[in-house]
Amino acid sequence: MRQHLESRIGDVATRVGRQATWSDIVLPEDLVDSLLEITGRVRYRKKVFEEWGYGRTITTARGITALFSGGPGTGKTMVAGVIARDLGVELYRVDVSRITSKWVGETEKNLGSLFDAAEDGQVMLLFDEADSLFAKRTSVQTSVDRYANMEVNYLLQRLDSFEGIAILTTNFGSAIDPAFRRRLSFRVTFPFPDEEMRERLWRALIPIEAPRAEAIDFASLAARFKLSGGYIRNASLRAAFLAAEEGLTLSQDHIERAIRAEFREIGKLADTGMLE
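In the working numbering, the protein residues as written are 5 to 280.
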């Protein structure tokens, strides 16, 4: 089945590994509840639409589509993988650059094949940086504008008939066309982690198996360094390699050196600003 699916969408989408689970997720409780509602919508849609009769009253937009918005490194893509794993479906990341075409009608054809394969193959689609494809329509001033709006209109129509599972991620939720937002099943905003969340992330991202020279002050790291989850992950791994290269066990010093290196690489000081 996977080979057949790859032959249909392999040119425009790439399979994504799904190793994380719900226990790896560090997010506010109410946000996790919203995410779990997505899996419930998938599991019980047959009961609601067929047994409870909602299929007669809800005739469009019966698929499960969600918009994950929030800054880089806040967990949007990771959560998409967790949901796919929980549901037992494959996750395919759509390469928007390979979907779009300069030839009239070709983009719509590519999108149609992608949505059809997703419905037939029981896979979940992930549109990372979806604003490049689902952006607000523009006033028509050139033929390029006209064709771009035609693609958006096609997407709107296709979402109405789509009965699969798709997740869109964006750093800029306001960039998504309002007509798309209305058609989505869920709209979830991922926050920059506060101090309590940052401490939980540090604890989660340094494995218990990692040898430690001393007790690591996670509360201090969370309070002093305003990092997104993505940068905490990077710094945690970087610190581990620093310790391994020096033949030492992991220490607070390794972690703080790794954090400062992350700040330094993007031209920021470790005691000012934040990394997101």
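Virtual Cβ for every residue (Gly too), placed ideally from N, Cα, C.
Other residues of its chain near residue i: CB distance less than 6 angstroms, five sequence neighbours each side excluded
i	result
residue 187	65, 163
residue 92	none
residue 127	93, 94, 96
Start-to-end residues for the alpha helix (DSSP H) that takes in residue i
i	result
residue 259	256-269
residue 100	100-103
residue 224	222-228
residue 59	58-61
residue 185	182-187
For residue i, the first and last residue of its enclosing beta strand (DSSP E)
i	result
residue 171	169-174
residue 30	Here residue 30 belongs to no beta strand (DSSP E), and DSSP marks it neither H nor E.
residue 129	127-131
residue 194	190-194
residue 72	68-74
residue 208	Unbroken run through residue 208 is the alpha helix (DSSP H), 199-209; no beta strand (DSSP E).
Same chain, Cβ closer than 8 angstroms to residue i, neighbours up to 5 away in sequence not counted
i	result
residue 14	none
residue 165	64
residue 103	16, 111, 114, 115, 118, 137
residue 53	59, 62, 66
Secondary structure of residue i, DSSP reduced to three states
i	result
residue 94	strand
residue 144	A caution first: residue 144 carries a pLDDT of 45, below 50, which makes its placement in the model unreliable, though a value can still be read off. In this structure, residue 144 counts as coil in the three-state DSSP scheme.
residue 253	coil
residue 39	helix
residue 64	coil
residue 17	strand
residue 10	helix
residue 3	Given a span of 5 to 280 for the chain in the structure shown, any question on residue 3 remains unanswerable.
residue 111	helix
Option in the options with minimal Cα separation from residue i
i	options	result
residue 216	252, 156, 20	252
residue 50	100, 168, 23	168
residue 17	220, 100, 260, 205	100
residue 122	29, 104, 69	69
residue 138	113, 165, 176, 110	176
residue 184	71, 90, 202	71
residue 135	26, 12, 180	180
residue 86	200, 32, 133, 43	43
residue 12	48, 124, 81, 47	124
residue 225	155, 254, 212, 202	202
residue 89	23, 214, 173, 191	23
Same chain, Cβ closer than 7 angstroms to residue i, neighbours up to 5 away in sequence not counted
i	result
residue 196	75, 78, 232, 280
residue 234	76, 77
residue 98	16, 17, 118, 129, 130, 131
residue 209	236, 237, 240
residue 262	239, 242, 243, 246
residue 40	none
residue 221	256
residue 227	199
Bridge partners - residue i, DSSP secondary structure assignment
i	result
residue 216	254
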